[in-house]
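Contents: one structure, followed by commentary.
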Amino acid sequence: MKAHEHILTKQVQWARNRGISLIGSKEARGRAAYTKTLDENLFEPLLVEVRESFLSGDGNEILGFPGNPAKMQAIHSSSALGLNVFQYWRRIGQDSHVAALCGFCRKDSSNTFEIAFEKKYPINSNLPHPPNIDVVFQPSDPSKSRTFAIECKFSEPYSSQRHGGLKPKYLALDPLWVDIPNMQALAKSICPEDNQFVYFHAAQMIKHILGLKKAHGKNGFRLLYLWYDVPGREGVAHRNEVNAFAKTAEADGLKFHSLTYQKLIMKMCKDCGEEHGSYLKYITERYL
Numbered sequence: 009m010k011a012h013e014h015i016l017t018k019q020v021q022w023a024r025n026r027g028i029s030l031i032g033s034k035e036a037r038g039r040a041a042y043t044k045t046l047d048e049n050l051f052e053p054l055l056v057e058v059r060e061s062f063l064s065g066d067g068n069e070i071l072g073f074p075g076n077p078a079k080m081q082a083i084h085s086s087s088a089l090g091l092n093v094f095q096y097w098r099r100i101g102q103d104s105h106v107a108a109l110c111g112f113c114r115k116d117s118s119n120t121f122e123i124a125f126e127k128k129y130p131i132n133s134n135l136p137h138p139p140n141i142d143v144v145f146q147p148s149d150p151s152k153s154r155t156f157a158i159e160c161k162f163s164e165p166y167s168s169q170r171h172g173g174l175k176p177k178y179l180a181l182d183p184l185w186v187d188i189p190n191m192q193a194l195a196k197s198i199c200p201e202d203n204q205f206v207y208f209h210a211a212q213m214i215k216h217i218l219g220l221k222k223a224h225g226k227n228g229f230r231l232l233y234l235w236y237d238v239p240g241r242e243g244v245a246h247r248n249e250v251n252a253f254a255k256t257a258e259a260d261g262l263k264f265h266s267l268t269y270q271k272l273i274m275k276m277c278k279d280c281g282e283e284h285g286s287y288l289k290y291i292t293e294r295y296l
């Protein structure tokens, strides 16, 4: 079974197990892979401030229109997955706890963090669409800690749609490339088309790095690629591409690491107590 189909099949069965009816991307048309309401696809409804973050983002993630459900209503939505994993910790005020589980900091870190969603990181005023980073852990005292950012992936790496390369205008931003020559060389090699990476969207990740570097400096951030693993050849190939990108980042001294959702969820199961039972039940039944 192809990786994308593997993910969809698991999510369709999850919906059936919970008695959730699914509709197509055009309601009556398209594969039935969308919930009828947004809340049906979420562990908890959107917090007011989280909803505002998505409304101010570029993607029309949470608002559908007649005949078309919102993007986040897709059972294979990476935004829904990211929200289901992280919003709970923000609501209960344990943002720093999950930051430690992601490998960003120690559990006993004296600094505290607040989770933000869909945070924009402008690269240059001449580029009209700044990167939206899925999840950001903002430190209470930036002088004592880096900003931690997460790019979340679910089914997208395994889609039949190819991702694009890096546009030439990004290579013209000379000051941002000065101290990251290996990443610059990689950027040139995937401009304007990316013929190296099939599953890992390297151009998107480079834009995230440029935006974070512009805002926080080379040493002021750490970027996590959080992805959903699948069995078989596609999962192995995806992992190899992630590791290749990580080596390039490491050569430039950039703080970049990767983690699968499955490993993160298992760490949560091992680390968290019974008070998180309903949350752990939801994410393990749905995503493991």
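So the mapping is simple: my numbering equals the position in the sequence shown, first residue as 1, plus 8.
C-beta atoms are modelled at their ideal positions from N, C-alpha and C, and glycine is treated no differently.
- Rounded to whole angstroms, residue 56 and residue 284 show a C-alpha spacing of 22 Å.
- Taking every protein chain shown into account, the CB of residue 137 has fewer than 16 other CB atoms within 10 angstroms, so this residue is exposed.
- For residue 296, no beta strand (DSSP E) segment is defined, and its DSSP state is neither H nor E.
- In the DSSP assignment, residue 140 falls outside any alpha helix (DSSP H) and within the unbroken beta strand (DSSP E) covering 140 to 147.
- Sequence-distant Cβ neighbours of residue 167 in its own chain, meaning closer than 7 Å and more than five residues away, are 12.
- DSSP, read as helix, strand or coil, puts residue 277 in helix.
- When C-alpha distances from residue 252 are compared across 68, 199, 182 and 233, the shortest belongs to 233.
- Assignment of residue 159 by DSSP, reduced to helix, strand and coil, places it in the strand class.
- Straight across, the Cα-Cα distance linking residue 65 with residue 118 is about 31 Å.
- Counting the other CB atoms within 10 Å of its CB gives residue 9 a total below 16, which places it among the exposed residues.
- Under the DSSP assignment, residue 94 falls in the alpha helix (DSSP H) whose first and last residues are 86 to 99.
- If you draw a straight line from the Cα of residue 17 to the Cα of residue 295, it comes to about 12 Å.
- Inter-residue distance for residue 15 and residue 68 is about 23 Å (C-alpha atoms, whole angstroms).
- Proximity to residue 59 across 254, 36, 91 and 243 peaks at 91, based on C-alpha coordinates.
- Assigned with DSSP and collapsed to three states, residue 175 falls in coil, not helix or strand.
- In the structure shown, residue 284 falls within a helical segment according to DSSP collapsed to helix, strand and coil.
- Around the beta carbon of residue 169, fewer than 16 other beta carbons lie within 10 angstroms, which makes this residue exposed.
- Between residue 245 and residue 206 the beta-carbon gap is near 7 Å, inside 8 Å, which marks them as a contact.
- The continuous stretches of alpha helix (DSSP H) do not include residue 264, which lies in the beta strand (DSSP E) extending over residues 264 to 268.
- By alpha-carbon distance to residue 151, the top candidate from 93, 225, 204 and 292 is 225.
- The alpha helix (DSSP H) runs of length 4 or more contained entirely in the stretch 184 to 233 are, from start to end of the chain, 189 to 197 and 210 to 224.
- The C-alpha of residue 268 lies about 22 Å from the C-alpha of residue 146.
- If you draw a 10 Å sphere on the C-beta of residue 94, you find 16 or more other C-beta atoms in it, and that means buried.
- In terms of CA proximity to residue 162, 237 leads the group 237, 255 and 37.
- Judged by their CB atoms, residue 75 and residue 35 are nearer to each other than the 7 Å cut-off.
- When the Cα atoms are used, residue 124 and residue 201 turn out to be separated by approximately 32 Å.
- A Cβ-Cβ distance of about 6 Å is found for the pair residue 199 and residue 176, placing them in contact under the 8 Å criterion.
- Secondary structure note for residue 127: its beta strand (DSSP E) is the uninterrupted segment 121 to 128.
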